[in-house]
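Colleague:
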Amino acid sequence: RLKRVRELAGYAVQLTKDEGLPTMLKRGAGFVKRRCFGKRARYLPAKKVLEAQRAEMAGKTAAECGLPTISILTPLYNTPEKYLREFLDSFVNQTAPNGQLCLADASDAEHADVKRIVEEYQTKNQRIVYKKIENKGIAANTNAAAELAAGEYLALADHDDILAPHAMYTMGKAILQLRAQGEPDGLLFSKSIQRPMVAHFKPDYAPDYLLCCNYICHLAVFQKALWDEIGGERPECDGSQDHDLFLRLVEKTSGAAHVPQVLYYWRVHTGSTSGGTDAKPYVAAAAKKALADHLARTGRTGTVEDGLFPSTYRVKWDIVGDPKVSILIPNKDHTDDLEKCLHSIWTKTSWENFEVIVIENNSTDPATFTYYKEARQRYDGLQVVSYPQKGFNFSGINNFGRQYASGDYLLLLNNDVEVRNADWLTELLRQCAHPGGAAICGAELFYPDETLQHAGVGTG
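Numbering (my numbering), first residue to last: 87 to 546.
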């Protein structure tokens, strides 16, 4: 909170300097209105939208509503009454009747109220099914809940969280839309928020991000046939059993559809994984196993390491073979910049299989051509080729230079860039030179004062 306050204060000061006090006050008032008075409205549809959904589904059963049935799998374990009632209320009050709630209760004898409360709610909603089970861990308990499922689709929900009122309606409609468009409907996921502090706004399907963390999480809906095919959740990955499940599902679906609505409220409290892996230290080990097993199943090799932040991981890919990289550097005069660039490449780059092609573009200083001759003597294998056209055309210059490249990969480099890390080229290759790797990879760039210039381009 203090960090955010400092950031906001800094932004307010800078905005006042740049655009004046009235602009800052106007934007500040808008922020306060959204943050303090409009939080609910930011995540839920308008009240009239929810009412319209209820009116559309009024008097209809799950079989009559026209939406695919989604069975929600929820293991119960000593659930506090307040949390349990809020969760059950969120299911009972769904705007559509296409949900089924499958509860597997592994609570101990001291928490018999869990069963009593569920039975109370079953009198209100016959779509709640319940079974008392022996506690065998989160994955096995979830699998037990799946045995109760009658739906074509399954979803996972924790016993202390809350479903958005339009969750089943929205997911059901999304499935029908995917079918109508002829797109895969095996796995869908939505956004969630960790009340009341943080929202988890997710990108479209991002396989590298999924290797970094279980960003799909809740609420995700997937075909029961796929669940049966892969054998449900694996107890050996308890703690990261959902991450493991999604990795195995995407192996079958080759992706996932993104429903860009908040459909799930994720409670953060002491002892929950959402509060950090310090609460459950075995989570990291389970996640690394899930990732390592995923690599083995998909025929890729790499080392799974801890990421920069808790609950994140990094796959350090093994580079296949010894690919050669052709580095193309357009240049017009500015030999001081070019010398710094070339010197850093030759003295700091640990990946040895590379070549550098400087593309001379209409330099006017005679000293530039003298420098080229000297540079070719000092830097083994350096090529200098002359672009034959007049004027500056960055695309044309690089297209000309690539004709002289013999590498497996091209790297387009400006002449004012300085290498600062020995593994820079190795890390770029790690993202590409392995089965299933990327076709294009970019680097993080800094200005000389250590501020960030560029950290990638996102699309979709």
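All C-beta atoms in this analysis are idealised placements derived from N, C-alpha and C, irrespective of residue type, glycine included.
Would you please state the rounded distance, in angstroms, between the beta carbons of Val-444 and Gln-469? I believe it to be under 8 Å.
Modeller: Their Cβ separation, rounded to whole angstroms, is 7 Å, which keeps Val-444 and Gln-469 in contact under 8 Å.
Colleague: Could you have a look at Phe-173 and say whether DSSP puts it in helix, strand or coil?
Modeller: Three-state DSSP puts Phe-173 in a helix.
Colleague: Note down the Cα distance separating Gly-185 from Phe-308, rounded to an integer number of angstroms.
Modeller: Answer to the nearest angstrom: the Cα atoms are 13 Å apart.
Colleague: Can you tell me the Cα-Cα spacing of Ala-491 and Lys-402, whole angstroms?
Modeller: So the alpha carbons of these two residues sit roughly 28 Å apart.
Colleague: Can you tell which of Arg-386, Pro-270, Ala-232 and Phe-173 has its C-alpha closest to the C-alpha of Ile-203?
Modeller: Of Arg-386, Pro-270, Ala-232 and Phe-173, the residue nearest in Cα terms is Phe-173.
Colleague: With DSSP run on the structure shown, which of helix, strand or coil describes Asn-229?
Modeller: Correct three-state label for Asn-229: helix.
Colleague: Check Thr-165 in the structure and name its three-state DSSP category.
Modeller: Note: Thr-165 maps to coil in three-state DSSP.
Colleague: Just to confirm my understanding: we take Thr-398, look at its own chain, exclude 5 residues before and 5 after, and list those with CB closer than 8 Å. What are they?
Modeller: Hits under 8 Å: Cys-298, Cys-299 and Asp-392.
Colleague: Thinking just about the alpha-carbon of each residue, which of Asn-211, Pro-161 and Val-200 is nearest to the one in Gln-180?
Modeller: Checked all of Asn-211, Pro-161 and Val-200; the closest Cα to Gln-180 is Asn-211.
Colleague: Residue range of the alpha helix (DSSP H) that Cys-518 falls in?
Modeller: Counting along the chain, the alpha helix (DSSP H) containing Cys-518 begins and ends at 510-518.
Colleague: By Cβ distance, which residues of its chain are closer than 7 Å to Cys-151, with the 5 residues on each side in sequence left out?
Modeller: Excluding residues within five positions, the ones whose Cβ falls inside 7 Å are Met-143, Ala-182, Pro-183 and Asn-184.
Colleague: Pop quiz: Leu-153 and Gly-258 are said to be a contact at Cβ under 8 Å. What is the actual Cβ separation, rounded to whole angstroms?
Modeller: Confirmed, Cβ separation roughly 3 Å.
Colleague: Straight-line CA distance for Ala-370 to Gly-325?
Modeller: About 8 Å.
Colleague: Can you look up Asp-191 in the DSSP assignment and give me helix, strand or coil?
Modeller: Asp-191: strand per DSSP, three-state reduction.
Colleague: If I'm right that Ala-84 touches Ile-219 with Cβ under 8 Å, what's the distance once you round it to whole angstroms?
Modeller: Not covered by the structure: residue 84. The range shown for the chain is 87 to 546.
Colleague: Kindly give me the distance between the Cβ atoms of Leu-262 and Leu-296, rounded to whole angstroms, as I take these residues to be in contact under 8 Å.
Modeller: Not confirmed; about 25 Å, so no contact.
Colleague: Rounded to a whole number of angstroms, what is the C-alpha to C-alpha distance between Ile-224 and Pro-534?
Modeller: Approximately 50 Å between the Cα atoms of the pair.
Colleague: Return the CA-CA distance between Pro-367 and Val-348, expressed in angstroms with no decimal places.
Modeller: Rounded to the nearest angstrom, the two C-alpha atoms are 29 Å apart.
Colleague: Evaluate the contact criterion for the region 470-490 versus the region 382-391: three or more CB pairs, one atom per stretch, below 8 Å.
Modeller: As far as the Cβ criterion goes, the region 470-490 does not touch the region 382-391, which means the pair count is below three.
Colleague: What does DSSP give as the partner residue(s) for Ala-371 in the beta ladder?
Modeller: DSSP output for Ala-371 lists no bridge partner at all.
Colleague: What's the C-alpha gap between Asp-422 and Asp-502?
Modeller: Going from the Cα of Asp-422 to the Cα of Asp-502 covers about 9 Å.
Colleague: Return yes when the Cβ of Thr-384 is within less than 8 Å of the Cβ of Glu-319, no when it is not.
Modeller: No, Cβ-Cβ distance for Glu-319 and Thr-384 is not below 8 Å.
Colleague: Using the beta-carbon count (16 or more within 10 Å), is Ser-412 buried or exposed?
Modeller: The residue is buried, with at least 16 neighbouring Cβ atoms inside 10 Å.
Colleague: Per DSSP, which one or two residues make a beta bridge with Arg-400?
Modeller: DSSP, once it has assigned bridges, lists Glu-391 as partnering Arg-400.
Colleague: Assign Phe-275 to buried or exposed, taking buried as 16 or more other Cβ atoms, counted over all protein chains shown, within 10 Å of its Cβ.
Modeller: Counting Cβ neighbours within 10 Å, Phe-275 comes out buried, since at least 16 surround it.
Colleague: May I have a chain-ordered list of the alpha helix (DSSP H) segments no shorter than 4 residues that lie completely inside the region 413-489?
Modeller: The qualifying runs are 421-434, 452-464 and 480-487.
Colleague: Please return the same chain residues whose Cβ sits closer than 6 Å to the Cβ of Ala-519, not counting the five positions on each side in sequence.
Modeller: These residues qualify, in order along the chain: Ile-405, Val-406 and Pro-409.
Colleague: Just to confirm my understanding: we take Lys-316, look at its own chain, exclude 5 residues before and 5 after, and list those with CB closer than 6 Å. What are they?
Modeller: At residue 316 the sequence reads Ile, which differs from the Lys that was named. Counting only Cβ-Cβ distances below 6 Å, and skipping sequence neighbours, we find Arg-334.
Colleague: Does Leu-234 come out as helix, strand or coil in the three-state DSSP assignment?
Modeller: Note: Leu-234 maps to coil in three-state DSSP.
Colleague: Cβ atoms of Glu-446 and Asn-417: under 8 Å apart, would you say?
Modeller: Yes.
Colleague: Expressed to the nearest angstrom, what Euclidean distance is found between the alpha-carbon atoms of Cys-188 and Lys-338?
Modeller: Answer to the nearest angstrom: the Cα atoms are 24 Å apart.
Colleague: Please work out which residues of its chain come closer than 8 Å, Cβ to Cβ, to Tyr-129, disregarding the five sequence neighbours upstream and downstream, and give them in chain order.
Modeller: Closer than 8 Å at Cβ, skipping near neighbours: Ala-250, Ile-279, Ala-285 and Val-348.
Colleague: Just tell me which of Pro-131, Asp-104, Lys-103 and Ala-95 has its CA closest to the CA of Gly-114.
Modeller: Among Pro-131, Asp-104, Lys-103 and Ala-95, the Cα nearest to that of Gly-114 is on Ala-95.
Colleague: Could you give the uninterrupted runs of the alpha helix (DSSP H) lying entirely in the region 243-269, keeping only those of 4 residues or more?
Modeller: Fully enclosed alpha helix (DSSP H) runs of 4 or longer: 253-266.
Colleague: By Cβ distance, which residues of its chain are closer than 7 Å to Ala-266, with the 5 residues on each side in sequence left out?
Modeller: The answer is none, since no qualifying residue turns up.
Colleague: When burial is assigned at 16 or more other CB atoms within 10 Å of the CB, is His-380 buried or exposed?
Modeller: So His-380 ends up on the buried side.
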